[in-house]
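Novice:
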Amino acid sequence: MAFLHRVQAVVALDNTGSRIFAKYFVGGDTPESSKALASIEKQRSLENAIFQAIHDPRRGNHVAYESEILVVEGHIALFHISEDVSIIVIGAGSENEVVLSNVLMGLIDALRQELNTPSLTARLLLENYCALLMTVDEMLDEGIILETDSATIANELEPYLVDVSNDTARAAITGVNKYLRDNL
Numbered sequence: 002m003a004f005l006h007r008v009q010a011v012v013a014l015d016n017t018g019s020r021i022f023a024k025y026f027v028g029g030d031t032p033e034s035s036k037a038l039a040s041i042e043k044q045r046s047l048e049n050a051i052f053q054a055i056h057d058p059r060r061g062n063h064v065a066y067e068s069e070i071l072v073v074e075g076h077i078a079l080f081h082i083s084e085d086v087s088i089i090v091i092g093a094g095s096e097n098e099v100v101l102s103n104v105l106m107g108l109i110d111a112l113r114q115e116l117n118t119p120s121l122t123a124r125l126l127l128e129n130y131c132a133l134l135m136t137v138d139e140m141l142d143e144g145i146i147l148e149t150d151s152a153t154i155a156n157e158l159e160p161y162l163v164d165v166s167n168d169t170a171r172a173a174i175t176g177v178n179k180y181l182r183d184n185l
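With the working numbering, the residue at position 100 of the sequence shown is 101, and numbering never jumps.
1. Cβ atoms of L112 and L1: under 7 Å apart, would you say?
2. Flag this pair as yes or no: are the beta carbons of E143 and G28 separated by less than 7 Å?
3. I'd like the span of the alpha helix (DSSP H) that includes R20, first residue to last.
4. Could you give the distance in angstroms between the alpha-carbon of S87 and the alpha-carbon of A50?
5. Taking the straight line between their C-alpha atoms, what separation do you get for H56 and E98?
6. Which value, in whole angstroms, describes the spacing of the CA atoms of N129 and I77?
7. Per DSSP, what are the beta-bridge partners of I146 in this structure?
8. Spatial neighbours of L79 within its chain, please: CB distance less than 6 Å, with the 5 preceding and 5 following residues excluded, ordered by chain position.
9. Just the C-alpha distance for Y66 and T149, rounded to the nearest angstrom, thanks.
10. By DSSP, does G92 sit in helix, in strand, or in coil?
11. Quick one: what's H81 bridged to in DSSP?
12. To the nearest angstrom, how far is it from the Cα of I154 to the Cα of M140?
13. From the DSSP output, read off the bridge partner residues of E159.
14. Going by C-alpha distance, which of H6, S40, L181 is nearest G94?
15. Quick check on this structure: which residue in I109, F52, V72 has the alpha carbon closest to the alpha carbon of S83?
16. Would you please state the rounded distance, in angstroms, between the beta carbons of L126 and A13? I believe it to be under 8 Å.
17. Nearest-angstrom Cα distance between R45 and Y25?
18. Which first and last residues belong to the alpha helix (DSSP H) in which A54 is found?
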């Protein structure tokens, strides 16, 4: 399946380079370049190299708040910085940058729509970790790109991202829990 576009990883780092979220696609049918990232040490090494490339002015990379492309250790990394979080999509060195850019922008726009916010922060992503996880899962399957349209993704996930602080939602969840307790 060499004709399918693939993502090797989606990573979110805070402003110190610590992981907020990381999902690497290194399963059985992934390319060898992805399998090279199977160990945590190699993943962290790549993340640190990307973080340094993003934030080190000596390398000639200024901090941008829109998407930019880096080539680090033979991988293509597209990143977007929003407040105190860097969201990074990593692909093989031979992957199409435009496709990876569509994945990155689709992810960011879908999260903004789902969380109803103009900018993403580390705290917001941690508080809504489920939304981040489900959005990545809706977009990618074993690294294969399924969907990049943010509106479609947000609409698909809307029923699952109900605000439980809402009284109606709380009552519905309480009712479901009572039903399950009584019948199971």
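For every residue, glycine included, the Cβ atom is placed at its ideal position computed from N, Cα and C.
Specialist: Looking at the coordinates:
1. Nothing can be reported for residue 1: it is not among the residues displayed for the chain, which extend from 2 to 185.
2. Yes, these two residues count as a Cβ contact at 7 Å.
3. For R20, there is no enclosing alpha helix (DSSP H); the enclosing beta strand (DSSP E) covers residues 20-25.
4. The C-alpha of S87 lies about 13 Å from the C-alpha of A50.
5. One C-alpha to the other measures close to 21 Å.
6. Distance between the alpha carbons of N129 and I77 is about 27 Å.
7. Note: I146 sits in a beta bridge opposite L141.
8. Only S68, I70, V90, L101, S102, L105 meet the Cβ criterion.
9. Because Y66 sits at a pLDDT of 49, beneath the cut-off of 50, its placement in the model cannot be relied upon, and the point is left open.
10. Strand at G92.
11. For H81, which the question treats as bridged, DSSP gives the partners I88.
12. Those two C-alpha atoms are separated by around 7 Å.
13. Per DSSP, E159 has no beta-bridge partner at all.
14. Checking every option, the nearest Cα to that of G94 belongs to H6.
15. Of I109, F52, V72, the residue nearest in Cα terms is I109.
16. The Cβ separation is near 6 Å, so the contact holds.
17. Distance between the alpha carbons of R45 and Y25 is about 11 Å.
18. It spans 41-56 - the alpha helix (DSSP H) in which A54 sits, taken as one unbroken run.
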